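Data block below; observations after.
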Amino acid sequence: MSDRIMVVEDEQAIRAVIEFALTDAGFEVVSVGRGDEALAVIGAQHIDLVILDLMLPGVDGLEVCRQIRAERMTPIIILSARSEELDKVLGLELGADDYVTKPFSPRELVSRVRANLRRMRSEPERGQVMEAGDLEIDPVARTVVRAGEEIYLTFSEFEILHKLASSPRRVFTREELMNHLWEGSFFGDLRSVDVHVRHLRQKVEVDAANPELIRTVRGVGYAFGADVTRT
Ligand code: CA
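Here it is, written out as structure tokens:
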């Protein structure tokens with residue numbers, strides 16, 4: 007059975023291009039042009055992944071994203087004309103999984119759809135619980151606890167934290183981190199690493215302005231700055 011993708015886009019020409027590319031790649035496509043229609047569809051039928059434009063009539067894309075995420079973990083790829091929206095899109099409240107900036111190539115979009123579906127279905131990584139100070143990272147349960155309190159991280163934030171903490175003090179480049187997130191199939195905007203790291207710091211650092219866990223290594227990338235013990 008093929009995966010069913012919902013395309014939410016009010017510009018008919020763009021919608022037609024996306025529909026064609028996805029159908030051609032073997033996906034089943036449901037497309038709508040309004041935010042309220044998107045919410046009605048996802049409430050009524052099974053959808054494996056959502057491609058969501060932000061500027062929509064009815065209910066806007068950010069609100070559609072928030073409402074879908076409040077109830078389900080369906081992967082959401084945001085389509086955005088402006089890269090400044092990146093910050094909002096990748097933010098903790100919204101919980102979108104990925105974004106594609108317009109204009110985009112249909113091929114790129116299809117490969118992002120595949121990567122998102124694959125990573126949603128991949129088995130959680132087996133491994134030992136890692137401790138750094140009062141921070142506890144459990145790769146099996148995919149939870150992060152600080153001083154006994156659970157911290158909610160997005161998929162990407164967890165993966166970046168876990169990757170860095172797995173090799174304390176080793177410097178990872180942005181490319182390495184994105185390729186880890188995308189299982190080698192990443193292409194696109196490396197600035198999204200910085201956005202994820204900024205959000206991550208706000209959640210796990212004692213003082214996000216003076217990060218001690220996730221260190222910036224100028225001109226290179228990021229490194230985990232604390233000792234890690236495994237239990
Ligand atoms: Ca639009």
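Residue numbers (our numbering): 7 to 237. No residue lacks a Cβ here, since even glycine has one placed at the ideal position from N, Cα and C. Keep in mind the model is a prediction, meaning the values are calculated, not measured.
### Query
Since Val199 is in the alpha helix (DSSP H), which residue starts that stretch and which ends it?
Indexing the sequence shown from 1 puts residue 199 at position 193. Residues Arg197 to Val210.
### Task
List the residues that DSSP assigns as beta-bridge partners of Phe178.
Position 172 of the sequence shown, counting from 1, holds the residue named residue 178. Beta-bridge pairing links Phe178 to Tyr228.
### Query
Do the stretch 154–166 and the stretch 108–120 touch if we need at least three Cβ pairs shorter than 8 angstroms?
no
### Task
Select from Lys209, Asp42 and Leu68 the residue whose C-alpha is nearest the C-alpha of Met218.
The sequence position of residue 218 within the sequence shown is 212, counting from 1. A quick correction: the sequence has Glu, not Met, at residue 218. Considering only alpha carbons, the answer is Lys209.
### Asp30 burial status per 10 Å Cβ neighbour count (16 or more: buried)
On the sequence shown, position 24 is the one that residue 30 refers to. When all chains shown are included, Asp30 counts as exposed.
### Query
Would you say Leu45 and Gln73 are within 7 angstroms of each other, going by their C-beta atoms?
The residue you call residue 45 lines up with position 39 of the sequence shown. The residue you call residue 73 lines up with position 67 of the sequence shown. It is a contact, given that the beta carbons lie within the stated cut-off.
### Message
If you follow the beta strand (DSSP E) that Ile57 is in, where does it begin and where does it stop?
### Response
Within the sequence shown, residue 57 is the residue found at index 51, counting from 1. Element bounds for Ile57: Leu55 to Asp59.
### Task
List the DSSP bridge partners of Leu85.
Mapped onto the sequence shown, residue 85 falls at position 79. Partner(s): Asp59 and Val106.
### Task
Measure from the alpha carbon of Asp16 to the alpha carbon of each residue in His52, Arg10, Gly67 and Phe33, then state which is nearest.
Numbered from 1 along the sequence shown, position 10 holds the residue referred to as residue 16. That would be Gly67, whose Cα lies nearest to the Cα of Asp16.
### Query
Sorted by chain position, which residues of the same chain lie with C-beta nearer than 7 angstroms to Arg152's C-beta, five sequence neighbours on each side aside?
Start at 1 with the first residue of the sequence shown, and residue 152 comes out as number 146. Around Arg152: Asp140, Leu141 and Val210.
### Message
Would Asp42 and Val65 qualify as a contact pair, given that the criterion is a beta-carbon distance under 7 angstroms?
### Response
Position 36 of the sequence shown holds residue 42. Position 59 of the sequence shown holds residue 65. A contact, by the Cβ cut-off of 7 angstroms.
### Task
Could you check if Leu98 is buried or exposed, using at least 16 other CB atoms within 10 Å of its CB as the buried criterion?
Sequence index remark: in the sequence shown, residue 98 carries index 92 (1-based). Residue confidence is low: Leu98 scores 39 on pLDDT, short of 50, so the model does not pin down where it sits. Its coordinate-derived value is still stated next. When all chains shown are included, Leu98 counts as exposed.
### Query
Under 6 angstroms from any heavy atom of ligand 1, does the C-beta of Met61 make it?
Taking the first residue of the sequence shown as position 1, residue 61 is located at position 55. Yes, Cβ of Met61 sits closer than 6 angstroms to a heavy atom of ligand 1.
### Query
Ile74 bridges to which residues according to DSSP?
The residue given as residue 74 occupies position 68 in the sequence shown. Beta-bridge pairing links Ile74 to no other residue.
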